[in-house]
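**Student:** Numbering of the sequence shown is given in the UniProt record's numbering, commencing with residue 1 and proceeding in unit increments.
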Amino acid sequence: MTSSYDDSGLTDRKVPGSNLEPTLEFNSSLNNQEQREGGSDLDNMTRGQRLRRKLFWDDPLDDQELQSQIDEKLVKKKEIWGFLLFGFGYYTYNNTCQSLLLPILIQGVARGAAHLESNWNIMCPAEDSDIPPGDRCLVPFGWIRVTTTSYVLLTNVVLTWCAVICSLGVSAVADHGRRSKKLTLFFTAMLCFISCFMFMGALWPGIWWFCGLNFVVGGIMNSVALNFYDAMIPNLTKYHPTVVRAVLEHGDNSEEYVAAKTKVQTFLSGGASASGYVGGLFLTIVIALILLFVGQTLLIVGYCVILVAVYIAIVTVFFARLSVQRTFPPLPPGTNKYTFGYRRIGKTVAKARKLKTLFYFLCSWFILGDGLTSASSMAILIAQSDLQLGNSSLIVAALVQFITAGLGMVFWIWMQNSRGMAPKKVVILNTVLFGLIPLYCLLALIPGCPIGLQHEWELFMLAAFFGFFMGAIYSSNRVVYAQFIPRGHENELFALYEISSSASSWIAPLVCTAIIESSSTRKTWIFLATQFYIPAVMMLFVDVEKGRAEALAFYEAEQVEKKRISDEASLVADGKGSGVLGTTTAETGSSQGERTMNDMTKMA
Numbered sequence: 001m002t003s004s005y006d007d008s009g010l011t012d013r014k015v016p017g018s019n020l021e022p023t024l025e026f027n028s029s030l031n032n033q034e035q036r037e038g039g040s041d042l043d044n045m046t047r048g049q050r051l052r053r054k055l056f057w058d059d060p061l062d063d064q065e066l067q068s069q070i071d072e073k074l075v076k077k078k079e080i081w082g083f084l085l086f087g088f089g090y091y092t093y094n095n096t097c098q099s100l101l102l103p104i105l106i107q108g109v110a111r112g113a114a115h116l117e118s119n120w121n122i123m124c125p126a127e128d129s130d131i132p133p134g135d136r137c138l139v140p141f142g143w144i145r146v147t148t149t150s151y152v153l154l155t156n157v158v159l160t161w162c163a164v165i166c167s168l169g170v171s172a173v174a175d176h177g178r179r180s181k182k183l184t185l186f187f188t189a190m191l192c193f194i195s196c197f198m199f200m201g202a203l204w205p206g207i208w209w210f211c212g213l214n215f216v217v218g219g220i221m222n223s224v225a226l227n228f229y230d231a232m233i234p235n236l237t238k239y240h241p242t243v244v245r246a247v248l249e250h251g252d253n254s255e256e257y258v259a260a261k262t263k264v265q266t267f268l269s270g271g272a273s274a275s276g277y278v279g280g281l282f283l284t285i286v287i288a289l290i291l292l293f294v295g296q297t298l299l300i301v302g303y304c305v306i307l308v309a310v311y312i313a314i315v316t317v318f319f320a321r322l323s324v325q326r327t328f329p330p331l332p333p334g335t336n337k338y339t340f341g342y343r344r345i346g347k348t349v350a351k352a353r354k355l356k357t358l359f360y361f362l363c364s365w366f367i368l369g370d371g372l373t374s375a376s377s378m379a380i381l382i383a384q385s386d387l388q389l390g391n392s393s394l395i396v397a398a399l400v401q402f403i404t405a406g407l408g409m410v411f412w413i414w415m416q417n418s419r420g421m422a423p424k425k426v427v428i429l430n431t432v433l434f435g436l437i438p439l440y441c442l443l444a445l446i447p448g449c450p451i452g453l454q455h456e457w458e459l460f461m462l463a464a465f466f467g468f469f470m471g472a473i474y475s476s477n478r479v480v481y482a483q484f485i486p487r488g489h490e491n492e493l494f495a496l497y498e499i500s501s502s503a504s505s506w507i508a509p510l511v512c513t514a515i516i517e518s519s520s521t522r523k524t525w526i527f528l529a530t531q532f533y534i535p536a537v538m539m540l541f542v543d544v545e546k547g548r549a550e551a552l553a554f555y556e557a558e559q560v561e562k563k564r565i566s567d568e569a570s571l572v573a574d575g576k577g578s579g580v581l582g583t584t585t586a587e588t589g590s591s592q593g594e595r596t597m598n599d600m601t602k603m604a
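1. Quick check on the DSSP output: the alpha helix (DSSP H) that includes Arg145 runs from which residue to which?
2. Leaving out five residues on either side along the sequence, give the residues of the same chain with a beta carbon under 7 angstroms from the beta carbon of Ala397.
3. Between Thr316 and Gly87, is the Cβ-Cβ spacing less than 8 angstroms?
4. Does DSSP classify residue 677 as helix, strand or coil?
5. Buried or exposed: where does Leu292 fall if 16 or more other Cβ atoms within 10 Å of its Cβ makes it buried?
6. Hey, how far is the Cα of Gly142 from the Cα of Glu490?
7. Quick one: Cα of Arg36 to Cα of Asp58, how far?
8. Along the chain, where does the beta strand (DSSP E) containing Pro140 start, and where does it finish?
9. DSSP state of Phe484, grouped into three classes?
10. Alpha carbon to alpha carbon, how far is Trp208 from Pro140? Give it in angstroms, no decimals.
11. Would you grab the beta carbon distance between Gly302 and Ala163 for me? Rounded to a whole angstrom, and I think it's under 8 angstroms.
12. Report the CB separation of Phe468 from Ala514 in whole angstroms; it is logged as a contact under 8 angstroms.
13. Where do the ends of the alpha helix (DSSP H) carrying Glu72 lie?
14. Would you tell me roughly how many angstroms separate the C-alpha atoms of Thr357 and Ala189, rounded to the nearest one?
15. Would you list, in sequence order, the uninterrupted alpha helix (DSSP H) runs of no fewer than 4 residues that lie entirely inside the segment 331–372?
16. Curious, which full-length alpha helix (DSSP H) runs of at least 4 residues does the segment 150–236 contain?
17. Cβ atoms of Ile485 and Ala551: under 8 angstroms apart, would you say?
18. Need the endpoints of the alpha helix (DSSP H) that Gly408 sits in, please.
19. For Val580, which residues of its own chain have a beta-carbon under 6 angstroms away from its beta-carbon, when the five flanking residues on both sides are left out?
20. To which residues of the same chain is Ile534 closer than 6 angstroms at the C-beta, ignoring the five residues directly before and after it?
21. Taking DSSP as the reference, what is the three-state secondary structure of Ala320?
22. What is the DSSP secondary structure of His115, counted as helix, strand or coil?
23. Using the C-alpha atoms, what's the distance from Phe541 back to Glu561?
24. Is DSSP giving residue 611 helix, strand or coil here?
25. By the 10 Å Cβ neighbour count, where 16 or more other Cβ atoms means buried, how is Gly295 classified, buried or exposed?
26. Between the alpha carbons of Lys261 and Gln416, how many angstroms are there, rounded?
27. What do you get for Trp414, buried or exposed, if any count of 16 or more other CB atoms within 10 angstroms of its CB means buried?
28. Count the other C-beta atoms from every protein chain shown that fall within 10 angstroms of the C-beta of Pro330, then say buried if there are 16 or more, exposed otherwise.
29. Please classify Met421: does DSSP put it in a helix, a strand, or coil?
30. For Ser377, which option in Gly448, Lys181, Pro438 has the closest C-alpha, if you only look at C-alpha atoms?
31. Alpha carbon to alpha carbon, how far is Asn477 from Ser364? Give it in angstroms, no decimals.
32. With 8 angstroms as the threshold, decide whether the Cβ of Gly334 is near any Cβ in chain C.
33. What residue from Cys211, Trp120, Ser180 has the CA that sits closest to Val224's CA?
34. Taking the alpha-carbon of Gly218 as reference, which of Pro132, Asp128, Asn94 has the nearest alpha-carbon?
35. Rounding to the nearest angstrom, what Cα-Cα distance links Asp543 and Pro60 in this structure?
36. Given a cut-off of 8 angstroms on the beta-carbon distance, is the pair Tyr497 and Leu362 in contact?
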């Protein structure tokens, strides 16, 4: 059969030099691990040599046996290292910048432009102790005036909606042609460029609003680039030698294939999260040293944001050299690339009844993602406003979080790979345990209770708890969700996945803002507790096997529809040709008839 692109990545070609189907070509001798890894040569290697071989060595038999069976390049170790390296650098924006530095910077810059609620002509004092009793510091947000805490939350709301609109328009386009790598690099470069101007609000207080504007624009770039990065997971899994071999030997409906696919996805997703936390830990230590020895002013915090941008840019250069641009089907003829994403995502959502498990899962992630984002933000805001902690304490809390997050990722990956715990169970267990954080913070509402995030040591304890479970929730969620995605819709539906968590991120900030403005900051934990236990209950009803079957049926129905349209187009083309030929024949017959009639008339 002629080689042509197939969404599955596998071709119908047989193994060269054989009359057997690919599934029958690979016998057990070729699967012998000792033979494939060099036989007795392993016995003569040192431990270091074995480790280097495991980390960097590509089995040449994979190229000989598997490459001829697929239309794309097999995934090599260097491509996986490039993927993990990008996570090592890129996730630092979320883990260090967006969750720590930027809330401090934006709230501090807004505080410098705030006025007293009682007299708008008087600037807000630098120290909270100097604020008159019963008065508040307010800052303009559009046509309303809000506290600096609410300003940060409302800025997140604007960012969320802008990111949703832009991500939907761009992400589906990356499932076609050869654009995904270029778009990832472009949006990452734009994020780094915009982050370099965050300090200007601290340098010139007159343009304090510019910091919030840059935060929104940079967040849009981050959201789109993150969609493309997450969408690499199913594509790398599809062309991984372990998965390709499982398909050829056992078929894509076998338990062996599902096990191989899940194991590779768990490694990639967990590895990306773990490398991101390690990178965040490294960068946070550097930032902590800068703030400790240089100073903790807002301007220095702005310069630290620039450092993060430069760090991401350097790592992105290595990713660009190690990654591979894979080819996807071209855009349909006559398609407008600027509107294609919106129309395609609309069609997919319209077919939600065919992917019930996927969209049910997205509903639970819609709530859970909102809770994860908001719980972190509220903990930082309470530490700043109620506990009056400085930037150094927040940096230490971030370091504790990164350390426990790395340990947590190792532990939960071990639980999945060695103990056989399913990713769905990991998600449910971690979500339930994570929900204990808002319940603990609610203890402060009990009169006379000495705990409930009322002391500095509690912030460090909760940061350790937060880190240990959060990374596992994010990585395991991606693994579960990736199994529900039909082939050829990776970027599009991972954009929907990211949007489901970020699109809900405006709900909790609005609710928390209303609670803060009408009551107190502490009572926001009542609402946040529901953000964890509602999705935990919903997850109990997610049927993973049913979701896989729906994705496969959706893909097969799509292929049938494409074939039907192609056949109809061919029939129309053939019909037009027959019509032209028929017309010509009819015209010829008519002319001959007219000549015959004329001859008969002349003879008469």
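Glycine included, every Cβ here is placed at the ideal spot set by N, Cα and C.
**Tutor:** Reading off the structure:
1. Reading the sequence shown from its first residue, position 145 is the one you call residue 145. Not the alpha helix (DSSP H): Arg145 falls in the beta strand (DSSP E), residues 144–147.
2. Position 397 of the sequence shown, counted from the first residue, corresponds to residue 397. Leu459, Phe460, Ala463.
3. Translated into positions along the sequence shown, residue 316 becomes position 316. Translated into positions along the sequence shown, residue 87 becomes position 87. For Thr316 and Gly87, no; Cβs fall outside 8 angstroms.
4. Residue 677 lies beyond the residue range present for the chain, which begins at 1 and ends at 604; the question has no answer from this structure.
5. Your numbering for residue 292 matches position 292 in the sequence shown. Exposed is the call here.
6. Here residue 142 corresponds to residue number 142 of the sequence shown, with the count starting at 1. Here residue 490 corresponds to residue number 490 of the sequence shown, with the count starting at 1. In a straight line, the C-alpha of Gly142 is about 38 angstroms away from that of Glu490.
7. Reading the sequence shown from its first residue, position 36 is the one you call residue 36. Reading the sequence shown from its first residue, position 58 is the one you call residue 58. Interpretation of Arg36 is limited by its pLDDT of 49, a score under 50 that renders its predicted location unreliable; the figure taken from the coordinates is listed afterwards. Computed Cα separation, rounded: 10 angstroms.
8. Numbered from 1 along the sequence shown, position 140 holds the residue referred to as residue 140. Here the beta strand (DSSP E) through Pro140 covers 137–141.
9. Mapped onto the sequence shown, residue 484 falls at position 484. Of the three classes helix, strand and coil, the one that applies to Phe484 here is coil, per DSSP.
10. The sequence position of residue 140 within the sequence shown is 140, counting from 1. The sequence position of residue 208 within the sequence shown is 208, counting from 1. Whole-angstrom Cα-Cα distance: 11 angstroms.
11. Taking the first residue of the sequence shown as position 1, residue 302 is located at position 302. Taking the first residue of the sequence shown as position 1, residue 163 is located at position 163. The Cβ separation is near 22 angstroms, so there is no contact.
12. Position 468 of the sequence shown, counting from 1, holds the residue named residue 468. Position 514 of the sequence shown, counting from 1, holds the residue named residue 514. Rounded, the Cβ-Cβ distance is 31 angstroms, inconsistent with contact.
13. Here residue 72 corresponds to residue number 72 of the sequence shown, with the count starting at 1. Looking at the DSSP string, Glu72 is not in any alpha helix (DSSP H), and its letter there is neither H nor E.
14. Locating residue 357 in the sequence shown gives position 357, counting from the first residue. Locating residue 189 in the sequence shown gives position 189, counting from the first residue. For Thr357 and Ala189, the distance between alpha carbons rounds to 36 angstroms.
15. 340–350
16. 180–195, 200–203
17. By 1-based counting over the sequence shown, the position of residue 551 is 551. By 1-based counting over the sequence shown, the position of residue 485 is 485. For Ala551 and Ile485, yes; Cβs fall inside 8 angstroms.
18. Numbered from its first residue, the sequence shown carries residue 408 at position 408. 391–417 is the span of the alpha helix (DSSP H), which, as asked, contains Gly408.
19. Residue numbering aside, residue 580 sits at position 580 when the sequence shown is read from its first letter. Confidence at Val580 is low in this model, with a pLDDT of 45, below 50, so the placement of that residue should be treated as unreliable; the coordinate-derived value is given next. Nothing meets the Cβ criterion.
20. Within the sequence shown, the letter at position 534 stands for residue 534. Only Ile367 meet the Cβ criterion.
21. To locate residue 320, count along the sequence shown from 1; it is residue 320. In this structure, Ala320 counts as helix in the three-state DSSP scheme.
22. Walking along the sequence shown from the start, residue 115 turns up at place 115. Of the three classes helix, strand and coil, the one that applies to His115 here is strand, per DSSP.
23. Here residue 561 refers to the residue found at position 561 of the sequence shown. Here residue 541 refers to the residue found at position 541 of the sequence shown. Taking the straight line joining both Cα atoms gives about 31 angstroms.
24. Any property of residue 611 remains undetermined from this structure, which presents the chain solely from 1 to 604.
25. Here the question's residue 295 lines up with position 295 in the sequence shown. Answer is exposed; the Cβ neighbour count stays below 16.
26. Start at 1 with the first residue of the sequence shown, and residue 261 comes out as number 261. Start at 1 with the first residue of the sequence shown, and residue 416 comes out as number 416. When rounded, the distance between both Cα atoms is 13 angstroms.
27. The count along the sequence shown starts at 1 and reaches residue 414 at position 414. Label assigned to Trp414: exposed.
28. The residue labelled residue 330 in the question sits at position 330 within the sequence shown. The residue in question, Pro330, is exposed, as its Cβ has fewer than 16 Cβ neighbours within 10 Å.
29. On the sequence shown, residue 421 is found 421 positions in, with the first residue counted as 1. Note: Met421 maps to coil in three-state DSSP.
30. Position 377 of the sequence shown, counted from the start, is the residue given in the question as residue 377. Residue Pro438 is the option with its Cα nearest to Ser377.
31. As a position in the sequence shown, residue 364 is number 364, starting the count at 1. As a position in the sequence shown, residue 477 is number 477, starting the count at 1. Distance between the alpha carbons of Ser364 and Asn477 is about 11 angstroms.
32. The chain inventory of the structure shown lacks chain C, comprising one protein chain alone.
33. Counting from one through the sequence shown, the residue named residue 224 turns up at place 224. Measuring from the Cα of Val224, the nearest candidate turns out to be Ser180.
34. By 1-based counting over the sequence shown, the position of residue 218 is 218. The shortest Cα separation from Gly218 among Pro132, Asp128, Asn94 belongs to Asn94.
35. For the purposes of this step, residue 543 is taken as residue 543 along the sequence shown, with counting starting at 1. For the purposes of this step, residue 60 is taken as residue 60 along the sequence shown, with counting starting at 1. Each residue's alpha carbon lies about 39 angstroms from the other.
36. Locating residue 497 in the sequence shown gives position 497, where the first residue counts as 1. Locating residue 362 in the sequence shown gives position 362, where the first residue counts as 1. Their beta carbons are under 8 angstroms apart, which means Tyr497 touches Leu362 by this criterion.
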